[in-house]
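Step one of this worksheet: look at the structure below.
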Amino acid sequence: MSIWLYIFKSKIPYNPWYDLGLARIGCYLCPSTDLADLEIVKDNYPGFSKWQNYLESYATEKKLPEEWVELGLWRWNHFPPWLINILREKNIKIEYDRHERSNLKLETVFRDDKVIITFNKEVDKNRLTNMLNIIDEKSYKLNENGIVVSENIKNIVKQVIIQAEECIGCGVCSSRCKNNAIYIENQKAWIDEKRCLHCSLCIGPCPVYRF
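All residue numbers for the sequence shown refer to this note's numbering, where the first residue is 1 and numbers rise by one.
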């Protein structure tokens, strides 16, 4: 709110899409865009029709029901449990070839009060070490066999591992950072170690992890 008050007071130009109701300005094709924002773009951007036509053509080709487009189901590679329940209630069946994540698989081994997260292939340790700045360094231990963490943060660490390996640089996480500690370089998100507060507020819906 303080930022907007400063903008209004100083009469600084800003993106007019905010006035139309968007809270975040980015690529409207992003799978993390919610249906309300998609409707705003659809109603105000003529170019959206090209994307709409593509989705409808794809749905026809793959013999998908019209709900695949109407409900924005194209945003998911794997449907989350809550969405599966809704589709079942509405008797909507969706079957199509999904893109499978790279062959990175994570396994968890429980030992005493700790959890060991292991990888089935070699990961980019430089990327992973950088992204782990999101978490307090006292909460995990990275070694050659994997990452040792407490059980209460194992899901957060799993997301960080996937993001480190498969980041596409969409910038969703950087928009959540209150300290401008995330920047995009070479189509990847990176953590500025000097700025990061390890608050983990940037952890949230991520296209490469959730969708």
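For every residue, glycine included, the Cβ atom is placed at its ideal position computed from N, Cα and C. Owing to the predicted nature of the structure, the values given are computational and were not obtained by experimental measurement.
Inter-residue Cα distance where the pair is residue i and residue j
i	j	result
Ile40	Leu20	7 Å
Leu38	Tyr28	7 Å
Thr16	Phe48	The question names Thr, but residue 16 is Pro in the sequence shown. Near 17 Å, if we compare the C-alpha coordinates of Phe48 and Pro16.
Lys9	Ser2	10 Å
Ser150	Lys114	5 Å
Trp4	Leu197	24 Å
Tyr45	Trp51	11 Å
Leu35	Phe79	16 Å
Asn77	Glu95	11 Å
Pro65	Leu87	12 Å
Lys90	Gly146	42 Å
Ser139	Glu193	16 Å
Contacting residues, own chain, Cβ-Cβ under 6 Å from residue i (five flanking each side not counted)
i	result
Ala164	Arg127, Leu128, Met131
Glu67	Ile92
Glu107	Thr118
Environment of residue i [buried if 16+ CB atoms lie within 10 Å]
i	result
Thr33	buried
Leu73	buried
Leu7	Correcting the residue identity first, residue 7 is Ile in this sequence and not Leu. Flag for Ile7 reads exposed.
Gln187	exposed
Val109	exposed
Lys63	exposed
Lys105	exposed
Arg227	Within the shown structure, residues of the chain are numbered from 1 to 211, placing residue 227 beyond reach of any answer.
Ala23	exposed
Ala189	buried
Arg75	buried
Ile84	exposed
Ala59	buried
Ile191	buried
Distance CB(residue i)-CB(residue j) smaller than 7 Å
i	j	result
Ser175	Ile134	no
Val148	Lys154	no
Glu56	Val69	yes
Residues near residue i by beta carbon distance below 8 Å, same chain, minus five either side
i	result
Tyr18	Ile25
Val123	Leu104, Ile161, Ala164, Glu165
Ile184	Gly169, Gly171, Ser174, Trp190
Cys30	Cys170, Val172, Pro207
Spatial neighbours of residue i in its chain, beta-carbon cut-off 7 Å, leaving aside the 5 residues before and after
i	result
Gln159	Ile203, Cys206, Tyr209
Test: residue i CB closer than 7 Å to a CB of chain D
i	result
Tyr58	In the structure shown, chain D does not exist; there is a single protein chain.
Touching by the beta-carbon criterion (3+ pairs, under 8 Å), the segment 188-207 and the segment 167-176: yes
The segment 109-125 / the segment 175-190 touching (three or more Cβ pairs under 8 Å): no
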